[in-house]
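Chains as they are written, first to last, in my numbering: chain D, 1 to 314; chain W, 1001 to 1257.
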């Protein structure tokens, strides 16, 4: 039986990933995309194969999340076997609003394990990545927010399609009065092949250069743990560039954790790294439990030596 | 002005251990705590109280064990504590938690601002704030790392994936806060001693005019099991030159460098 699946996002790339994903988990799906506040995203959804596309045109000063009431109404009218929302921060908020409006269950930042007739089963990390929760739905319309990069991003093609319907979004009660971009938000940690993450064991901001050199040698980028991005006395990295729960979730081939004890809030963001190398002066630091390779010692001796030996090995 | 700070009493995830064979989660040695970002929510409520005239109500719902949290919440500066006691709320669907909290907020009455953490340290579902807003018929502003009250208006900075968004909204409103909105203060001895004298209300679902069966749970948990990532755990110590050469050799062999 053909299933009705909705994919919802404010970003075209994420709509494309979800459309691709739906085709993988369901051979016979009628896909409806909702592109929130971005016409370009609607065209991408059309280009990569959504059967029906709603482009929600926002009122001036209205945030993306304002779309939830009209969106819930459309979903109720047209029906859905599954609703997927890309789990950006806006997406997660919208998903919760939508689920409340639909009186539906919502699995946040989850993976679809099963999608059969009348049944959706999801898995998601809880306790900062220490455990996995498996859930099913009792509600008629299961809502799932899906982390970006859950599925491969297809080649992005834009298409002008008659399947795109424009909806003028009612302004909500929240008014956007300003916006600031993060400095240097161009580093795409989610797509990095290698990452060198530094924690509080690093003493000075000037030392970051050393880690950049190491990252450059392995074809990667630098990142940090939450305190290094956000705590007073640090703030060495742009906001929002830390790895971990409430931060970024990455899956590089090679991940160096330097001078971080390996608290689960950090590990939650790098658990999908293929190879994890931990460097810490404390032998009992939990990072070593989660490392493929670990070096116990002073990072100021180890990292320069690593740089030297990797150069020699190349 | 009346402010409600909602919080969840959770097991400290740092104390949890996974049995690698059975993958079961050992919780017996774990201490309880007020969820990390919820402490920021309480702190933000107290800061608003210090800057404006306000009453702060700390609110939680959960099994009997969660009652112990009220003193902590009051020591942090809240004026009154509300605890909705129901064993069936342990591990509840966030939709159920939100329904209980919404009813309690209506019971507290005349509230202008409800603060929650962006997500709880245990399940980090990030649903309760937005769901509460829908149930109360209020707007919500999520992932907030700065708030400014100007009369009946709130100006908030939201920390989103690629930048900050500044929004303006009329009260009443639900706000969820990030971990870096403030640095929660450690209660003083005097505050801890004084907490016991503040009003604490323990209510049952019946006092909120509902029962567990009436509260619809739509997400059904099947299992929670330890996530064991298989790592090689080859740890080198001693001479840094030797240790590094072992690791570099291994990485070359793996084909990662």
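C-beta: ideal position from N, C-alpha, C; glycine also.
Since we're looking at a predicted model, the values are computed, not measured.
Of the candidates W/1205, W/1082, W/1145, W/1024, the residue whose Cα lies closest to the Cα of residue 1157 of chain W is W/1145. The alpha-carbon separation between residue 1010 of chain W and residue 9 of chain D amounts to approximately 32 Å.
Between the segment 109-121 of chain D and the segment 1194-1208 of chain W, the count of C-beta pairs closer than 8 Å stays below three; the two stretches do not touch. The segment 272-283 of chain D and the segment 253-260 of chain D touch, with no fewer than 3 CB-CB distances between them shorter than 8 Å. Cβ-Cβ distances below 7 Å link residue 1210 of chain W to 1103 in the same chain, with the five nearest sequence neighbours on each side left out; the list follows chain order. Beta-bridge partners assigned by DSSP to residue 55 of chain D: D/35, D/166. Cβ atoms of residue 65 of chain D and residue 97 of chain D come within 8 Å of each other, at about 6 Å.
With a threshold of 8 Å between beta carbons, residue 283 of chain D makes contact with chain W. Residues of chain D whose Cβ lies closer than 7 Å to the Cβ of residue 1143 of chain W are, in chain order, 89. Under the DSSP assignment, residue 70 of chain D falls in the alpha helix (DSSP H) whose first and last residues are 68-78. Listed in chain order, the non-local C-beta contacts of residue 53 of chain D below 6 Å within the same chain comprise 33, 42, 45, 46, 163, 164, local neighbours out to five positions each way being set aside. Counting only the Cα atoms, residue 1230 of chain W lies some 16 Å from residue 252 of chain D. Listed in chain order, the non-local C-beta contacts of residue 137 of chain D below 7 Å within the same chain comprise 105, 120, local neighbours out to five positions each way being set aside.
Contiguous beta strand (DSSP E) elements confined to the segment 97-149 of chain D occur at 111-116, 119-126, 131-137, 143-146, taking only those with 3 or more residues.
Where residue 1055 of chain W is concerned, the enclosing beta strand (DSSP E) starts and stops at 1055-1062.
Nearest to residue 1013 of chain W by C-alpha distance, out of D/95, D/245, D/260, D/91, is D/245.
Residues of chain D whose Cβ lies closer than 8 Å to the Cβ of residue 1256 of chain W are, in chain order, 194, 218, 253, 254, 274, 275. For residue 135 of chain D, the chain W residues whose C-beta falls within less than 7 Å of its own C-beta are 1219, 1220, 1221, 1222, listed in chain order. Residue pairing by DSSP places residue 1045 of chain W opposite no residue, since no beta bridge is assigned to it. Bounds of any beta strand (DSSP E) do not take in residue 288 of chain D, whose DSSP letter is neither H nor E.
A direct Cα-Cα distance of roughly 26 Å separates residue 294 of chain D from residue 1025 of chain W. In the assembly as shown, residue 1189 of chain W is an exposed residue. Its beta-carbon has fewer than 16 other beta-carbons within 10 Å. Per DSSP, reduced to three states, the secondary structure at residue 309 of chain D is helical. Taking a beta-carbon distance threshold of 8 Å, residue 1009 of chain W does not count as an interface residue toward chain D. For residue 73 of chain D, no chain W residue has a C-beta closer than 7 Å to its own C-beta; the minimum C-beta separation is roughly 14 Å. When Cβ-Cβ separations below 8 Å define contact, residue 1113 of chain W makes no contact with chain D. By the neighbour-count criterion, in which 16 or more other beta carbons inside 10 Å mark a residue as buried, residue 100 of chain D falls on the buried side.
Residues 1168, 1169, 1170, 1171 of the same chain have their beta carbon placed closer than 8 Å to that of residue 1153 of chain W, with the five preceding and five following residues left out of the count. Your pair residue 1215 of chain W and residue 1174 of chain W does not check out as a contact, with CB atoms roughly 19 Å apart and the cut at 8 Å. Collapsing the DSSP output to three states places residue 1200 of chain W in a strand. Each residue's CA atom was taken as its position, placing residue 1213 of chain W and residue 82 of chain D some 25 Å apart. Unbroken alpha helix (DSSP H) stretches of 4 residues or longer found wholly inside the segment 1122-1185 of chain W: 1128-1136, given in chain order. Remark: C-beta atoms of residue 1046 of chain W and residue 288 of chain D do not approach each other more closely than 8 Å. Here residue 135 of chain D is near residue 1221 of chain W, since their CB atoms are less than 8 Å apart.
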